[in-house]
Each structure stands twice: as structure tokens, then as C-alpha cells.
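*Asks:* The numbering of the sequence shown is the working numbering, which starts it at 1 and goes up by one.
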Amino acid sequence: MSAQLSTRLLHFLQEDLALPSESIQLVVRHHHFTVDSLPMILWQYGLVNLEQLDKILEWLETA
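1. Over what stretch of residues does the alpha helix (DSSP H) that includes residue 147 continue unbroken?
2. Going by DSSP, what residue range makes up the alpha helix (DSSP H) through residue 7?
3. If you drop the 5 nearest sequence neighbours on each side, which residues of the same chain put their C-beta closer than 6 Å to that of residue 19?
4. So, residue 9 versus residue 38, is the Cβ gap smaller than 8 Å?
5. How would you write the range of the alpha helix (DSSP H) that residue 22 sits in, first residue to last?
6. Go through its chain and collect everything with a Cβ distance to residue 21's Cβ below 8 Å, but skip five positions before and after it.
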């Protein structure tokens, strides 16, 4: 994962989607992930809903 893109994605998740940092850290600590897989892991754990997942995927397309 590129450091710049991952930082921007984490900022988007926390600021725009209001995901708690604890939720994000749970996934980051326990999974080897890429920028592309992070949204699905968050969704699989129930940390984002389908609407939020769609917003994340749209954000990634334009990032």
C-alpha cells in the first residue's frame, strides 16, 4: 500500500465517513491488506454499511 494513498484513505474513513479510529485499527492490526481489500474487510466485519462501502470504492476510483 502506498504510504500517501493509505494516509489519505485513512483520513477519508475517519473524517468523511466518521469511522472510529478503533474500528480502523482493528482491521489494520489483524489483517494483511491492500488499499483495494480494506473496504471489503471493513464491510465483512460490519464496520461499514453498503452505502459507506460504495462511497469508499468511489473514493478509491478517483484517488
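Backbone N, C-alpha and C fix where the C-beta goes; we use that ideal spot for every residue, glycine too. Predicted, not measured: the structure shown is a model, and the values here were computed from it.
*Replies:* Inspection of the coordinates gives the following:
1. What the structure shows of the chain is the stretch from 1 to 63, and residue 147 is not part of that stretch, so it cannot be assessed.
2. 3–11
3. Once the five neighbours on either side are set aside, the close Cβ partners of residue 19 are 13.
4. yes
5. Residues 21–30.
6. 14
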